[in-house]
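In my numbering, the protein residues as written are 1 to 397.
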(Lines of atoms letter the chains of each structure in order from A; the text may use other names.)
(Lines give C-alpha, C1' and ligand atoms only; values in the text may rest on other atoms or scores of the structure.)
Protein backbone atom coordinates (compact mmCIF):
# COMPACT_ATOMS: atom_id res chain seq x y z
CA UNK A 1 0.00 0.00 0.00
CA UNK A 2 1.42 3.42 -0.95
CA UNK A 3 1.78 6.21 1.59
CA UNK A 4 -1.08 8.37 0.20
CA UNK A 5 -3.48 5.44 0.73
CA UNK A 6 -2.77 5.30 4.46
CA UNK A 7 -5.56 6.79 6.51
CA UNK A 8 -5.87 7.72 10.14
CA UNK A 9 -8.59 9.60 11.92
CA UNK A 10 -7.78 13.11 13.04
CA UNK A 11 -7.12 13.47 16.73
CA UNK A 12 -8.60 16.27 18.85
CA UNK A 13 -6.21 17.56 21.49
CA UNK A 14 -7.31 19.75 24.39
CA UNK A 15 -4.34 21.89 25.45
CA UNK A 16 -5.05 24.01 28.50
CA UNK A 17 -6.62 25.95 30.08
CA UNK A 18 -4.11 25.07 32.80
CA UNK A 19 -0.93 24.54 30.83
CA UNK A 20 2.48 26.04 31.67
CA UNK A 21 3.11 27.13 28.08
CA UNK A 22 -0.12 29.08 27.63
CA UNK A 23 0.89 31.86 30.06
CA UNK A 24 -2.54 32.03 31.58
CA UNK A 25 -5.94 30.42 31.46
CA UNK A 26 -6.33 29.96 27.71
CA UNK A 27 -7.29 26.74 25.96
CA UNK A 28 -6.39 25.43 22.50
CA UNK A 29 -8.72 22.93 20.87
CA UNK A 30 -6.43 21.39 18.25
CA UNK A 31 -7.34 19.05 15.38
CA UNK A 32 -4.27 17.00 14.48
CA UNK A 33 -3.33 14.78 11.59
CA UNK A 34 -0.34 13.04 13.13
CA UNK A 35 1.71 16.02 14.33
CA UNK A 36 0.34 18.45 11.74
CA UNK A 37 -2.25 21.02 12.78
CA UNK A 38 -5.37 20.72 10.66
CA UNK A 39 -7.38 23.31 12.57
CA UNK A 40 -7.18 25.25 15.81
CA UNK A 41 -9.66 27.00 18.06
CA UNK A 42 -8.49 29.46 20.72
CA UNK A 43 -10.71 29.77 23.79
CA UNK A 44 -9.87 32.74 26.02
CA UNK A 45 -12.96 32.86 28.23
CA UNK A 46 -11.54 31.00 31.22
CA UNK A 47 -10.27 34.20 32.87
CA UNK A 48 -13.22 36.46 33.58
CA UNK A 49 -12.80 39.09 36.27
CA UNK A 50 -15.34 41.50 34.81
CA UNK A 51 -12.75 44.27 34.47
CA UNK A 52 -15.02 46.70 32.65
CA UNK A 53 -17.95 46.20 35.02
CA UNK A 54 -15.63 46.59 38.01
CA UNK A 55 -14.58 49.98 36.61
CA UNK A 56 -18.23 51.00 36.23
CA UNK A 57 -18.92 50.19 39.90
CA UNK A 58 -16.36 52.62 41.35
CA UNK A 59 -15.07 56.16 40.90
CA UNK A 60 -12.83 57.24 38.03
CA UNK A 61 -9.75 57.03 40.24
CA UNK A 62 -10.67 53.55 41.47
CA UNK A 63 -10.43 52.27 37.88
CA UNK A 64 -6.68 52.91 37.70
CA UNK A 65 -5.52 49.91 39.81
CA UNK A 66 -7.79 47.70 37.68
CA UNK A 67 -5.99 48.86 34.53
CA UNK A 68 -2.70 47.87 36.22
CA UNK A 69 -3.86 44.25 35.95
CA UNK A 70 -4.62 44.25 32.22
CA UNK A 71 -1.16 43.73 30.74
CA UNK A 72 0.78 43.26 33.96
CA UNK A 73 4.07 43.12 32.03
CA UNK A 74 3.68 46.79 31.07
CA UNK A 75 1.16 48.10 33.56
CA UNK A 76 2.20 51.76 33.29
CA UNK A 77 1.06 51.85 29.66
CA UNK A 78 -2.37 50.52 30.68
CA UNK A 79 -2.65 53.25 33.35
CA UNK A 80 -1.65 55.81 30.76
CA UNK A 81 -4.24 54.79 28.18
CA UNK A 82 -7.11 55.01 30.67
CA UNK A 83 -6.02 58.28 32.29
CA UNK A 84 -5.54 60.00 28.94
CA UNK A 85 -9.04 58.87 27.88
CA UNK A 86 -10.48 60.47 31.06
CA UNK A 87 -8.41 63.61 30.44
CA UNK A 88 -9.90 63.79 26.94
CA UNK A 89 -13.39 63.97 28.50
CA UNK A 90 -12.15 66.54 31.02
CA UNK A 91 -10.52 68.55 28.19
CA UNK A 92 -7.33 69.06 30.18
CA UNK A 93 -3.69 68.90 29.16
CA UNK A 94 -1.02 67.84 31.61
CA UNK A 95 2.15 69.88 32.29
CA UNK A 96 5.21 69.31 30.12
CA UNK A 97 7.19 67.62 32.90
CA UNK A 98 4.34 65.18 33.44
CA UNK A 99 4.30 64.26 29.75
CA UNK A 100 8.03 63.52 29.71
CA UNK A 101 7.68 61.44 32.89
CA UNK A 102 4.81 59.46 31.38
CA UNK A 103 6.85 58.68 28.26
CA UNK A 104 9.85 57.70 30.40
CA UNK A 105 7.82 55.29 32.55
CA UNK A 106 5.92 53.92 29.55
CA UNK A 107 9.03 53.14 27.52
CA UNK A 108 10.68 51.39 30.47
CA UNK A 109 7.53 49.28 30.74
CA UNK A 110 7.70 48.50 27.01
CA UNK A 111 11.28 47.23 27.36
CA UNK A 112 10.29 45.05 30.32
CA UNK A 113 7.36 43.61 28.37
CA UNK A 114 9.48 42.76 25.31
CA UNK A 115 12.19 41.18 27.48
CA UNK A 116 9.56 38.97 29.10
CA UNK A 117 8.12 37.99 25.71
CA UNK A 118 11.48 37.12 24.11
CA UNK A 119 12.93 35.50 27.23
CA UNK A 120 9.90 33.26 27.79
CA UNK A 121 9.92 32.24 24.11
CA UNK A 122 13.55 31.14 24.41
CA UNK A 123 12.84 29.21 27.59
CA UNK A 124 10.01 27.30 25.93
CA UNK A 125 12.37 26.40 23.09
CA UNK A 126 14.69 24.89 25.74
CA UNK A 127 17.13 27.83 25.66
CA UNK A 128 17.77 28.63 29.32
CA UNK A 129 20.81 30.93 28.88
CA UNK A 130 19.13 33.68 26.81
CA UNK A 131 16.14 33.48 29.13
CA UNK A 132 18.42 34.29 32.06
CA UNK A 133 19.99 37.19 30.14
CA UNK A 134 16.53 38.55 29.35
CA UNK A 135 15.19 38.19 32.88
CA UNK A 136 18.31 39.77 34.39
CA UNK A 137 17.85 42.76 32.07
CA UNK A 138 14.16 42.90 32.96
CA UNK A 139 15.00 42.98 36.66
CA UNK A 140 17.23 45.99 36.03
CA UNK A 141 14.39 47.67 34.12
CA UNK A 142 12.08 46.96 37.05
CA UNK A 143 14.69 48.42 39.40
CA UNK A 144 14.43 51.65 37.42
CA UNK A 145 10.64 51.52 37.50
CA UNK A 146 10.73 50.98 41.25
CA UNK A 147 13.03 53.98 41.67
CA UNK A 148 10.73 56.10 39.48
CA UNK A 149 7.27 54.87 40.48
CA UNK A 150 7.71 53.24 43.89
CA UNK A 151 6.70 49.77 42.66
CA UNK A 152 8.08 47.26 40.19
CA UNK A 153 5.07 45.74 38.46
CA UNK A 154 1.62 47.19 39.25
CA UNK A 155 2.78 50.69 40.09
CA UNK A 156 -0.42 52.82 39.96
CA UNK A 157 1.95 55.63 38.93
CA UNK A 158 -0.09 57.55 36.35
CA UNK A 159 -2.90 59.65 37.78
CA UNK A 160 -5.73 61.57 36.13
CA UNK A 161 -4.19 64.94 35.36
CA UNK A 162 -0.63 63.97 36.22
CA UNK A 163 1.63 61.38 37.81
CA UNK A 164 2.19 60.26 41.37
CA UNK A 165 5.32 62.34 41.97
CA UNK A 166 8.13 64.19 40.23
CA UNK A 167 11.39 62.66 39.03
CA UNK A 168 13.43 61.52 42.08
CA UNK A 169 16.75 63.31 42.38
CA UNK A 170 18.67 60.04 42.39
CA UNK A 171 16.99 58.64 39.26
CA UNK A 172 19.15 60.18 36.48
CA UNK A 173 22.38 58.88 38.03
CA UNK A 174 20.86 55.43 38.58
CA UNK A 175 19.56 55.29 35.00
CA UNK A 176 22.90 56.36 33.50
CA UNK A 177 24.57 53.59 35.50
CA UNK A 178 21.97 50.91 34.69
CA UNK A 179 21.16 51.50 31.00
CA UNK A 180 24.63 50.41 29.73
CA UNK A 181 24.25 47.15 31.67
CA UNK A 182 20.81 46.57 30.14
CA UNK A 183 22.29 47.16 26.68
CA UNK A 184 25.15 44.75 27.38
CA UNK A 185 22.72 42.04 28.52
CA UNK A 186 20.60 42.67 25.44
CA UNK A 187 23.71 42.29 23.27
CA UNK A 188 24.55 39.02 25.05
CA UNK A 189 20.97 37.86 24.46
CA UNK A 190 21.21 38.63 20.75
CA UNK A 191 24.63 36.99 20.43
CA UNK A 192 23.27 33.71 21.80
CA UNK A 193 19.96 33.72 19.94
CA UNK A 194 19.72 35.79 16.77
CA UNK A 195 22.03 33.71 14.56
CA UNK A 196 21.60 30.44 16.46
CA UNK A 197 20.89 27.77 13.87
CA UNK A 198 18.32 25.90 16.00
CA UNK A 199 16.53 29.07 17.06
CA UNK A 200 16.39 30.42 13.50
CA UNK A 201 15.10 27.10 12.11
CA UNK A 202 12.37 26.98 14.75
CA UNK A 203 11.13 30.50 13.94
CA UNK A 204 11.84 31.29 10.29
CA UNK A 205 8.90 30.74 7.89
CA UNK A 206 6.70 29.62 10.81
CA UNK A 207 3.48 31.37 11.76
CA UNK A 208 3.44 33.58 8.68
CA UNK A 209 0.66 36.15 8.38
CA UNK A 210 0.39 38.64 5.52
CA UNK A 211 -0.16 42.36 5.94
CA UNK A 212 -3.59 41.96 4.32
CA UNK A 213 -4.65 39.35 6.87
CA UNK A 214 -3.27 41.50 9.71
CA UNK A 215 -5.36 44.45 8.58
CA UNK A 216 -8.44 42.28 8.08
CA UNK A 217 -8.16 40.96 11.66
CA UNK A 218 -7.38 44.42 13.15
CA UNK A 219 -3.97 43.22 14.32
CA UNK A 220 -1.68 45.95 15.64
CA UNK A 221 1.69 46.38 17.34
CA UNK A 222 4.85 44.35 16.66
CA UNK A 223 2.83 41.59 14.96
CA UNK A 224 1.50 44.05 12.36
CA UNK A 225 4.85 45.80 11.91
CA UNK A 226 6.60 42.44 11.43
CA UNK A 227 4.32 41.88 8.44
CA UNK A 228 5.49 45.09 6.80
CA UNK A 229 2.95 47.70 7.96
CA UNK A 230 4.76 50.59 9.70
CA UNK A 231 1.79 51.62 11.87
CA UNK A 232 2.80 53.02 15.26
CA UNK A 233 0.48 55.44 17.06
CA UNK A 234 3.48 57.20 18.60
CA UNK A 235 4.38 58.31 15.05
CA UNK A 236 1.07 58.26 13.17
CA UNK A 237 -1.12 59.88 15.86
CA UNK A 238 1.45 61.41 18.25
CA UNK A 239 0.42 61.98 21.86
CA UNK A 240 2.31 63.33 24.87
CA UNK A 241 5.76 64.44 23.58
CA UNK A 242 6.46 61.67 21.06
CA UNK A 243 6.55 64.18 18.23
CA UNK A 244 9.61 65.74 19.92
CA UNK A 245 11.53 62.46 20.18
CA UNK A 246 13.98 60.88 17.79
CA UNK A 247 13.24 57.18 17.29
CA UNK A 248 12.60 54.73 14.47
CA UNK A 249 9.79 52.24 13.86
CA UNK A 250 11.25 48.77 13.09
CA UNK A 251 9.42 46.92 10.32
CA UNK A 252 9.69 43.33 9.09
CA UNK A 253 9.08 41.85 5.67
CA UNK A 254 7.92 38.22 5.92
CA UNK A 255 5.60 38.29 8.92
CA UNK A 256 6.90 35.07 10.48
CA UNK A 257 7.99 34.36 14.06
CA UNK A 258 11.57 35.34 13.30
CA UNK A 259 10.50 38.75 12.00
CA UNK A 260 8.40 39.27 15.12
CA UNK A 261 11.42 38.45 17.26
CA UNK A 262 13.65 40.88 15.33
CA UNK A 263 11.06 43.66 15.55
CA UNK A 264 10.74 43.23 19.33
CA UNK A 265 14.52 43.35 19.83
CA UNK A 266 14.83 46.44 17.62
CA UNK A 267 11.99 48.12 19.51
CA UNK A 268 13.83 47.61 22.80
CA UNK A 269 16.83 49.51 21.41
CA UNK A 270 14.53 52.32 20.27
CA UNK A 271 12.81 52.49 23.66
CA UNK A 272 16.17 52.78 25.41
CA UNK A 273 16.98 55.70 23.08
CA UNK A 274 13.71 57.35 24.10
CA UNK A 275 14.42 56.80 27.82
CA UNK A 276 17.79 58.56 27.49
CA UNK A 277 16.19 61.50 25.68
CA UNK A 278 13.51 61.78 28.39
CA UNK A 279 16.08 61.85 31.19
CA UNK A 280 18.11 64.52 29.39
CA UNK A 281 15.00 66.66 28.85
CA UNK A 282 13.76 66.28 32.43
CA UNK A 283 17.15 67.30 33.79
CA UNK A 284 17.04 70.39 31.57
CA UNK A 285 13.51 71.28 32.73
CA UNK A 286 14.40 71.04 36.42
CA UNK A 287 11.78 71.28 39.16
CA UNK A 288 8.17 72.18 38.44
CA UNK A 289 4.59 70.92 38.45
CA UNK A 290 3.77 67.38 37.32
CA UNK A 291 -0.02 67.68 37.84
CA UNK A 292 -2.71 69.97 36.51
CA UNK A 293 -3.50 72.93 38.74
CA UNK A 294 -7.22 72.06 38.99
CA UNK A 295 -7.73 70.79 42.54
CA UNK A 296 -11.00 69.11 41.55
CA UNK A 297 -9.07 66.72 39.30
CA UNK A 298 -5.60 66.18 40.70
CA UNK A 299 -4.90 63.87 43.62
CA UNK A 300 -3.17 65.96 46.34
CA UNK A 301 0.37 65.09 47.35
CA UNK A 302 0.73 63.43 50.74
CA UNK A 303 2.83 66.20 52.26
CA UNK A 304 0.11 68.68 51.29
CA UNK A 305 -2.61 66.47 52.76
CA UNK A 306 -0.75 66.20 56.05
CA UNK A 307 0.03 69.92 56.33
CA UNK A 308 -2.71 71.92 54.59
CA UNK A 309 -6.40 71.93 55.48
CA UNK A 310 -7.56 72.63 51.91
CA UNK A 311 -5.69 69.67 50.49
CA UNK A 312 -6.82 67.39 53.31
CA UNK A 313 -10.42 68.29 52.48
CA UNK A 314 -9.77 67.70 48.79
CA UNK A 315 -8.21 64.30 49.56
CA UNK A 316 -11.30 63.40 51.60
CA UNK A 317 -13.64 64.43 48.77
CA UNK A 318 -11.57 62.59 46.15
CA UNK A 319 -11.61 59.41 48.22
CA UNK A 320 -15.29 59.50 49.19
CA UNK A 321 -16.70 60.92 45.95
CA UNK A 322 -14.00 61.16 43.29
CA UNK A 323 -13.75 63.83 40.59
CA UNK A 324 -16.81 64.46 38.44
CA UNK A 325 -16.20 64.06 34.70
CA UNK A 326 -18.37 66.13 32.32
CA UNK A 327 -21.11 64.23 30.52
CA UNK A 328 -20.03 62.85 27.17
CA UNK A 329 -18.24 59.99 25.51
CA UNK A 330 -14.84 59.52 23.93
CA UNK A 331 -12.19 57.10 22.77
CA UNK A 332 -8.45 57.41 23.21
CA UNK A 333 -5.74 54.94 22.18
CA UNK A 334 -2.02 54.63 22.80
CA UNK A 335 0.69 52.35 21.40
CA UNK A 336 1.14 49.71 24.10
CA UNK A 337 3.72 46.93 23.98
CA UNK A 338 1.26 44.69 22.09
CA UNK A 339 -0.34 47.31 19.88
CA UNK A 340 -3.28 49.71 20.01
CA UNK A 341 -4.66 49.87 23.54
CA UNK A 342 -7.78 52.01 23.57
CA UNK A 343 -10.47 52.99 26.06
CA UNK A 344 -13.99 54.04 25.15
CA UNK A 345 -15.59 55.90 28.07
CA UNK A 346 -19.08 57.26 28.67
CA UNK A 347 -19.82 59.75 31.45
CA UNK A 348 -23.13 61.16 32.71
CA UNK A 349 -21.41 63.94 34.64
CA UNK A 350 -21.12 62.01 37.89
CA UNK A 351 -18.16 60.62 39.80
CA UNK A 352 -18.66 57.14 38.27
CA UNK A 353 -18.30 56.07 34.63
CA UNK A 354 -21.45 54.86 32.92
CA UNK A 355 -19.50 52.73 30.45
CA UNK A 356 -15.90 51.55 30.26
CA UNK A 357 -14.89 49.56 27.21
CA UNK A 358 -11.32 48.45 26.59
CA UNK A 359 -9.86 47.68 23.17
CA UNK A 360 -7.14 45.20 24.21
CA UNK A 361 -4.49 44.39 21.58
CA UNK A 362 -3.93 40.85 22.88
CA UNK A 363 -7.56 39.90 22.34
CA UNK A 364 -7.50 40.95 18.68
CA UNK A 365 -3.95 39.82 17.92
CA UNK A 366 -4.73 36.24 18.90
CA UNK A 367 -7.69 36.07 16.49
CA UNK A 368 -5.71 35.01 13.37
CA UNK A 369 -3.70 32.35 15.24
CA UNK A 370 -5.62 29.47 13.53
CA UNK A 371 -4.86 31.04 10.14
CA UNK A 372 -1.16 31.23 11.03
CA UNK A 373 -0.86 27.61 12.20
CA UNK A 374 -2.95 25.50 9.83
CA UNK A 375 -0.53 23.06 8.22
CA UNK A 376 2.21 23.72 10.78
CA UNK A 377 3.55 21.20 13.28
CA UNK A 378 2.22 20.91 16.81
CA UNK A 379 5.63 22.01 18.11
CA UNK A 380 5.22 25.31 16.20
CA UNK A 381 2.22 26.32 18.28
CA UNK A 382 4.11 27.51 21.36
CA UNK A 383 6.73 29.80 19.72
CA UNK A 384 4.00 31.32 17.52
CA UNK A 385 1.80 31.93 20.54
CA UNK A 386 4.78 33.35 22.45
CA UNK A 387 5.53 36.00 19.87
CA UNK A 388 1.88 37.03 19.68
CA UNK A 389 2.37 37.72 23.41
CA UNK A 390 -1.23 37.14 24.46
CA UNK A 391 -1.68 38.39 28.02
CA UNK A 392 -4.65 36.80 29.79
CA UNK A 393 -5.53 39.94 31.72
CA UNK A 394 -6.10 41.85 28.47
CA UNK A 395 -8.35 39.11 27.08
CA UNK A 396 -10.77 39.33 30.01
CA UNK A 397 -14.16 38.87 28.37
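C-beta: ideal position from N, C-alpha, C; glycine also. Owing to the predicted nature of the structure, the values given are computational and were not obtained by experimental measurement.
Quick one: is residue i buried, meaning 16 or more other Cβ sit within 10 Å of its Cβ, or exposed?
i	result
residue 285	exposed
residue 14	exposed
residue 347	buried
residue 57	exposed
residue 258	buried
residue 291	buried
residue 352	buried
residue 366	buried
Determine the direct distance from the alpha carbon of residue j to that of residue i, and round the result to whole angstroms.
i	j	result
residue 180	residue 74	21 Å
residue 143	residue 279	16 Å
residue 116	residue 138	7 Å
residue 406	residue 240	Past the edges of the chain, shown from 1 to 397, lies residue 406, and the structure says nothing about it.
residue 1	residue 335	Residue confidence for residue 1 is low, a pLDDT of 44 falling below 50, so the modelled location carries little weight and cannot support an answer.
residue 255	residue 261	10 Å
residue 263	residue 109	17 Å
residue 199	residue 192	9 Å
residue 217	residue 130	32 Å
residue 392	residue 113	14 Å
residue 327	residue 88	12 Å
residue 314	residue 325	16 Å
residue 209	residue 298	45 Å
Return the bridge partner residues of residue i from the DSSP annotation.
i	result
residue 318	For residue 318, which the question treats as bridged, DSSP gives no partner whatsoever.
residue 199	In DSSP, residue 199 forms no bridge with anything.
residue 347	328 and 353
residue 51	DSSP lists no partner for residue 51.
residue 28	15 and 42
residue 246	The partner list for residue 246 (beta bridge, DSSP) is empty, contrary to what the question assumes.
residue 36	33 and 377
residue 158	163
residue 341	334
Can you name the start and end residues of the alpha helix (DSSP H) that residue i belongs to?
i	result
residue 18	No alpha helix (DSSP H) holds residue 18; DSSP gives it neither H nor E.
residue 362	361–365
residue 226	222–226
residue 109	96–124
residue 279	257–285
residue 398	Residue 398 lies beyond the range of the chain shown here (1 to 397); nothing can be said about it.
residue 139	128–149
residue 432	Any answer about residue 432 is impossible in this case: the structure gives the chain only from 1 up to 397.
residue 64	64–68
residue 297	Note, residue 297: premise wrong, no alpha helix (DSSP H); not H, not E.
residue 370	369–373
residue 84	75–90
residue 216	211–216
Given a cut-off of 8 Å on the beta-carbon distance, is the pair residue i and residue j in contact?
i	j	result
residue 370	residue 125	no
residue 238	residue 156	no
residue 162	residue 98	yes
residue 388	residue 37	no
residue 234	residue 250	no
residue 222	residue 267	yes
residue 189	residue 133	yes
residue 248	residue 270	yes
residue 361	residue 381	no
residue 63	residue 70	no
residue 246	residue 195	no
residue 153	residue 83	no
residue 311	residue 305	yes
Is the shortest distance between the beta-carbon of residue i and the beta-carbons of chain D less than 8 Å?
i	result
residue 204	Of the chains in the structure shown, none is chain D; there is only one protein chain.
I'd like the span of the beta strand (DSSP E) that includes residue i, first residue to last.
i	result
residue 392	That residue, residue 392, is in no beta strand (DSSP E); it is neither H nor E in DSSP.
Would you say the beta carbon of residue i comes nearer than 7 Å to a heavy atom of the ligand FMN?
i	result
residue 150	The model on display carries no ligand, and the ligand FMN is accordingly not part of it.
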